[in-house]
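Engineer:
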Amino acid sequence: MKASIERKPLRPASTQAHVGREPAPESEPMFDLIELFFFAYRDFVGDADRLLENYQFGRAHHRVLHFVYRRPGLAIAALLDILKITKQSLNRVLKQLLDAGFVEAREGATDRRQRLLFPTAKGARLAQELAALQSERFRRVFGELPPEARETTVDFLLAMVNAPDREKVRAHLPPRRRRRQLTEDDAA
Numbered sequence: 002m003k004a005s006i007e008r009k010p011l012r013p014a015s016t017q018a019h020v021g022r023e024p025a026p027e028s029e030p031m032f033d034l035i036e037l038f039f040f041a042y043r044d045f046v047g048d049a050d051r052l053l054e055n056y057q058f059g060r061a062h063h064r065v066l067h068f069v070y071r072r073p074g075l076a077i078a079a080l081l082d083i084l085k086i087t088k089q090s091l092n093r094v095l096k097q098l099l100d101a102g103f104v105e106a107r108e109g110a111t112d113r114r115q116r117l118l119f120p121t122a123k124g125a126r127l128a129q130e131l132a133a134l135q136s137e138r139f140r141r142v143f144g145e146l147p148p149e150a151r152e153t154t155v156d157f158l159l160a161m162v163n164a165p166d167r168e169k170v171r172a173h174l175p176p177r178r179r180r181r182q183l184t185e186d187d188a189a
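So the mapping is simple: the numbering used here equals the position in the sequence shown, first residue as 1, plus 1.
Quick look at the structure:
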């Protein structure tokens, strides 16, 4: 074995030149925000993950159950569009939710080939429990921040959504969130 082992730098070579000085804001990665977003997301979904483990469900089950609960009668095609996944990706998760009695599929009133998804009473209870856990985290955090933090957070998260999808997402926000945006748009 070699007496001296070559040490690799802790930072990628592209950032070595900036050690000890402020990075150029336009060209350097925003590692602080990237990492904070990772950690915040990890902890935000972690609360729900622990509850979902009791049912042998994961995050994919949570996402499906959330949107089916929030939009009863949601067509499978619309769910695929919301989640930006393929039908093949959805099949296993949806089958488990259907078989376990958390979601039910009904045929469409005008198109019998269409499958509309509804939460069962059991599914609604779980969706509410998951939302309560995550809402409690938000309440705790917003309790530590200035009063305008919630609206600023809504603006930030909406801006993080790809521009072509923003209006669709905004349309599903509760009325007071939509109203605020309409008022600002009218003032411009």
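Note that CB positions come from ideal geometry on N, CA and C, so glycine has one too.
Is it buried or exposed for residue 104, if we count other Cβ within 10 angstroms and need 16 for buried?
Structural biologist: Reading the sequence shown from its first residue, position 103 is the one you call residue 104. Answer is buried; the Cβ neighbour count reaches 16.
Engineer: Indicate whether the contact test is met: 3 or more Cβ pairs, each with one atom in the segment 88-100 and one in the segment 58-74, closer than 8 angstroms.
Structural biologist: Touching, yes, given that three or more Cβ pairs across the two stretches are closer than 8 angstroms.
Engineer: Between residue 68 and the rest of its own chain, which residues show a CB-CB distance below 8 angstroms, the 5 nearest in sequence each way excluded?
Structural biologist: Reading the sequence shown from its first residue, position 67 is the one you call residue 68. So the qualifying residues of the chain are 75, 80, 83 and 84.
Engineer: Kindly provide the ranges of any beta strand (DSSP E) runs that are 3 or more residues long and lie completely inside the segment 106-144, ordered along the chain.
Structural biologist: With a minimum length of 3 residues, the continuous beta strand (DSSP E) runs that stay inside the segment 106-144 are 116-120.
Engineer: Starting from residue 76, follow its DSSP beta bridges and name the residues at the other end.
Structural biologist: Reading the sequence shown from its first residue, position 75 is the one you call residue 76. Beta-bridge pairing links residue 76 to 117.
Engineer: Can you confirm whether the segment 134-143 touches the segment 43-54 when touching is taken to mean that 3 or more C-beta pairs between the two stretches lie within less than 8 angstroms?
Structural biologist: The answer is yes - the segment 134-143 touches the segment 43-54, with three or more Cβ pairs under 8 angstroms.
Engineer: Identify whether residue 104 lies in helix, strand or coil by the three-state DSSP scheme.
Structural biologist: The count along the sequence shown starts at 1 and reaches residue 104 at position 103. Strand at residue 104.
Engineer: Assuming residue 159 contacts residue 142 under a Cβ cut-off of 8 angstroms, what Cβ separation, rounded to an integer in Å, is found between them?
Structural biologist: The residue you call residue 159 lines up with position 158 of the sequence shown. The residue you call residue 142 lines up with position 141 of the sequence shown. Not a contact, Cβ separation roughly 18 angstroms.
Engineer: Output the distance between the C-alpha atoms of residue 139 and residue 165, rounded to the nearest integer angstrom.
Structural biologist: As a first step, residue 139 must be located in the sequence shown, where it is residue number 138. As a first step, residue 165 must be located in the sequence shown, where it is residue number 164. Taking the straight line from one Cα to the other gives about 27 angstroms.
Engineer: Compute the distance between the beta-carbons of residue 99 and residue 110, then report whether it is under 9 angstroms.
Structural biologist: By 1-based counting over the sequence shown, the position of residue 99 is 98. By 1-based counting over the sequence shown, the position of residue 110 is 109. No, these two residues do not count as a Cβ contact at 9 angstroms.
Engineer: Within this structure, are the beta carbons of residue 56 and residue 101 separated by less than 9 angstroms?
Structural biologist: Along the sequence shown, read from residue 1 onward, the residue named residue 56 stands at position 55. Along the sequence shown, read from residue 1 onward, the residue named residue 101 stands at position 100. Closer than 9 angstroms, so yes.
Engineer: Measure the beta-carbon distance from residue 118 to residue 86 and round it to whole angstroms, keeping in mind my assumption that it falls under 8 angstroms.
Structural biologist: For the purposes of this step, residue 118 is taken as residue 117 along the sequence shown, with counting starting at 1. For the purposes of this step, residue 86 is taken as residue 85 along the sequence shown, with counting starting at 1. With 8 angstroms as the limit, residue 118 and residue 86 do not qualify as a contact, their Cβ atoms being about 14 angstroms apart.
Engineer: Span of the alpha helix (DSSP H) holding residue 85?
Structural biologist: Here residue 85 corresponds to residue number 84 of the sequence shown, with the count starting at 1. Where residue 85 is concerned, there is no enclosing alpha helix (DSSP H), given that its DSSP letter is neither H nor E.
Engineer: Report the rounded CA-to-CA distance for residue 126 versus residue 28, giving the unit in angstroms.
Structural biologist: Taking the first residue of the sequence shown as 1, we reach residue 126 at position 125. Taking the first residue of the sequence shown as 1, we reach residue 28 at position 27. If you take the alpha carbons of residue 126 and residue 28, they lie about 47 angstroms apart.
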